[in-house]
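**Q**
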Amino acid sequence: MNKKVVLSGVQPSGSLTIGNYLGAIQNFSKLQEDYECIYAIADLHSITVPQVAKDLRRRTYEVLALYMACNVDPEKSTIFVQSHVPEHLELSWVLSSISYMGQLSRMTQFKDKAKKSEENLNAALFTYPVLMAADILLYQTDFVPVGEDQRQHLELARDLAIRFNSKYSETFKVPDNLIRKETGKIYSLKDPSVKMSKSSEDENSYILMLDDPKTIERKIKRAVTDSDAHFCYSDDQPGLKNLINIYQAFSNESVEDIVKQYEGESYGPFKKDLAEIIIESLKPIQDEYSRLINDKAFLEEVMAKGASKASYLANKTIRKVYRKVGFVQI
Ligand code: AQP
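For what it's worth, the working numbering labels the leading residue of the sequence shown as 83, then goes sequentially.
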């Protein structure tokens with residue numbers, strides 16, 4: 083591999099939102115032109131929260147079809163399902179032996195999700211960031227394009243790479259993040275203090291990549307804006323700021339131009355145009371998705387090829403790691 087390696091992934095833990103799209107997937111196809119890209123469908127991560135088996139299976143195909151509908155090309159990039167490459171679990175175990183409980187218990191995502199399932203808090207939710215570190219380090223990744231919400235997990239991956247390298251000698255590349263500023267974090271349409279999340283219980287808090295036009299219009303209409311009816315881009319009006327960020331990301335217009343266009347108006351016309359822009363941007367993706375999702379044989383062929391490409395790379399790293407920690411190899 084001569085090109086720098088980029089790794090990212092999405093969990094099939096729910097239907098994908100425009101947060102997943104703007105924070106991650108939208109950029110996948112551009113990256114594949116300049117980098118060696120590896121894109122996972124992170125099904126192992128999904129079971130850290132309860133899943134219905136048949137839904138998880140269906141969504142795994144759905145995420146793969148959405149990747150490709152967003153122009154991720156399986157000939158240029160490696161697209162694979164995480165559970166098809168067991169080295170992720172093997173490396174995760176080794177890395178957990180150099181992970182500190184204190185550091186893991188400070189992870190914001192763990193604390194947030196733990197609040198939601200206080201009674202039967204599972205251990206996998208706690209070790210999730212170690213598995214994510216394994217995902218990254220297994221492929222000697224240079225860059226990880228993720229949303230702002232994953233920054234802390236990426237920091238852990240960097241710490242673990244440095245710790246392992248200094249304990250056992252140089253083994254892993256230390257990865258950097260590739261977070262895009264405006265779309266780094268898209269917030270809930272109902273509560274702009276929390277991120278837009280596919281597993282949210284309130285379906286009005288997110289827009290799905292596969293939502294139909296009427297649903298998108300309705301959700302945008304109901305999106306929380308701020309009581310101060312002055313149209314501006316400011317931290318004091320987080321609801322509106324979030325909508326402007328979404329508008330900016332889909333239209334590619336600058337925030338300044340958007341503000342100029344709607345200044346002095348009520349929120350109505352802005353919301354109407356925003357819904358229109360989202361609908362138009364998602365339409366070609368939805369059309370291509372509908373075509374792909376019905377071709378299960380093709381999707382499975384892509385999964386199999388991706389798994390074999392990913393396994394080859396993962397195996398090289400895991401053999402090295404096992405040798406360094408002292409496991410006998412036969
Ligand atoms: N709201 C968001 N804004 C920007 N980026 C986001 N991402 C997720 N939500 C936003 C980015 O999408 C990629 C895939 O995320 P994931 O599926 O691995 O898990 P997540 O970050 O936990 O996403 P969700 O939607 O909130 O899933 P659930 O509800 O299952 O936990 C990542 O690059 C992420 O940064």
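All residues carry an ideal CB built from backbone N, CA and C; glycine is no exception.
(1) Under the three-state reduction of DSSP, which class applies to PHE225: helix, strand or coil?
(2) Nearest to MET183 by alpha carbon, out of HIS166, VAL163, THR209?
(3) Strictly by DSSP, which residues pair up with SER90?
(4) I think LEU138 touches ASP125, with their Cβ atoms under 8 angstroms apart; what is that distance to the nearest whole Å?
(5) Please tell me whether SER95 and VAL134 are closer than 9 angstroms, where the distance is taken between their beta carbons.
(6) Any contact of the segment 268 to 288 with the segment 88 to 107, i.e. 3+ C-beta pairs under 8 angstroms?
(7) Could you round the C-beta distance between GLU169 and ALA396 to whole angstroms and report it? I think they count as a contact, below 8 angstroms.
(8) By how many angstroms is the C-alpha of LEU171 removed from the C-alpha of SER251?
(9) Is the distance from the Cβ of TYR30 to the Cβ of PHE352 below 9 angstroms?
(10) Taking the beta strand (DSSP E) that VAL163 belongs to, which residues open and close that run?
(11) Quick check: does the Cβ of SER95 come within less than 8 angstroms of any heavy atom belonging to the ligand AQP?
(12) VAL212 and ASN259 - do their beta-carbons sit closer together than 9 angstroms?
(13) Using only CA atoms, which one of GLN93, GLU283, ILE261, ILE120 lies nearest to LYS85?
(14) Counting Cβ pairs, one atom from each stretch, are 3 or more of them under 8 angstroms apart for the segment 365 to 383 and the segment 319 to 339?
(15) Could you tell me which residues DSSP pairs with TYR149 in its beta bridges?
(16) Following a CB-centred definition, is ILE400 positioned closer than 8 angstroms to any heavy atom of the ligand AQP?
(17) Inspect the beta-carbon positions of THR142 and VAL163 and report whether they are closer than 9 angstroms.
(18) Out of ALA151, TYR221, ALA205, VAL341, state which residue places its alpha-carbon closest to the alpha-carbon of TYR394.
(19) At a cut-off of 8 angstroms, is LYS267 close to the ligand AQP when judged by its beta-carbon and the heavy atoms of the ligand?
(20) Cutting at 7 angstroms between CB atoms, please list the residues of its own chain near LEU290, excluding the five before and the five after it.
(21) Assess contact between the segment 148 to 165 and the segment 183 to 193, defined as three or more Cβ pairs (one per stretch) separated by less than 8 angstroms. Is contact present?
(22) Sorry if obvious, but does the Cβ on ASN102 come closer than 8 angstroms to a heavy atom of the ligand AQP?
(23) Between the C-alpha atoms of PHE380 and LEU219, what's the straight-line distance to the nearest angstrom?
(24) At which residue ranges does the segment 202 to 281 contain complete alpha helix (DSSP H) runs of 4 or more residues, listed in the order of the chain?
**A** Result, derived from the coordinates:
(1) PHE225 falls in the strand class under three-state DSSP.
(2) Measuring from the Cα of MET183, the nearest candidate turns out to be THR209.
(3) BP columns for SER90 point to TYR121.
(4) At roughly 7 angstroms, the Cβ-Cβ gap stays under 8 angstroms, so LEU138 and ASP125 are in contact.
(5) It is not a contact, given that the beta carbons lie outside the stated cut-off.
(6) The segment 268 to 288 is in contact with the segment 88 to 107.
(7) The beta-carbon separation of GLU169 and ALA396, rounded to 4 angstroms, stays under the 8 angstroms limit for a contact.
(8) In this structure, the alpha-carbon of SER251 lies about 22 angstroms from that of LEU171.
(9) Because residue 30 is not part of the residues shown, which for the chain are 83 to 412, the question remains open.
(10) Element bounds for VAL163: 160 to 163.
(11) Yes; taking the cut-off as 8 angstroms, the Cβ of SER95 has a heavy atom of the ligand AQP nearer than that.
(12) Going by C-beta atoms, ASN259 is not nearer than 9 angstroms to VAL212.
(13) Checking every option, the nearest Cα to that of LYS85 belongs to ILE120.
(14) Contact between the segment 365 to 383 and the segment 319 to 339 is not established, with fewer than three Cβ pairs separated by less than 8 angstroms.
(15) TYR149 pairs with nothing; no bridge assigned.
(16) Checking every heavy atom of the ligand AQP against the Cβ of ILE400, none is found closer than 8 angstroms.
(17) Here THR142 is near VAL163, since their CB atoms are less than 9 angstroms apart.
(18) With distances taken between CA atoms, TYR394 lies nearest to TYR221 out of ALA151, TYR221, ALA205, VAL341.
(19) In this structure, LYS267 has its CB closer than 8 angstroms to one or more heavy atoms of the ligand AQP.
(20) Excluding positions up to five away in sequence, the list reads SER97, LEU98, THR99.
(21) No: the two stretches stay apart, fewer than three of their Cβ pairs being nearer than 8 angstroms.
(22) Flag set: Cβ of ASN102 near the ligand AQP.
(23) Taking the straight line from one Cα to the other gives about 29 angstroms.
(24) If we require 4 residues or more, the alpha helix (DSSP H) runs fully inside the segment 202 to 281 come out as 205 to 219, 233 to 250.
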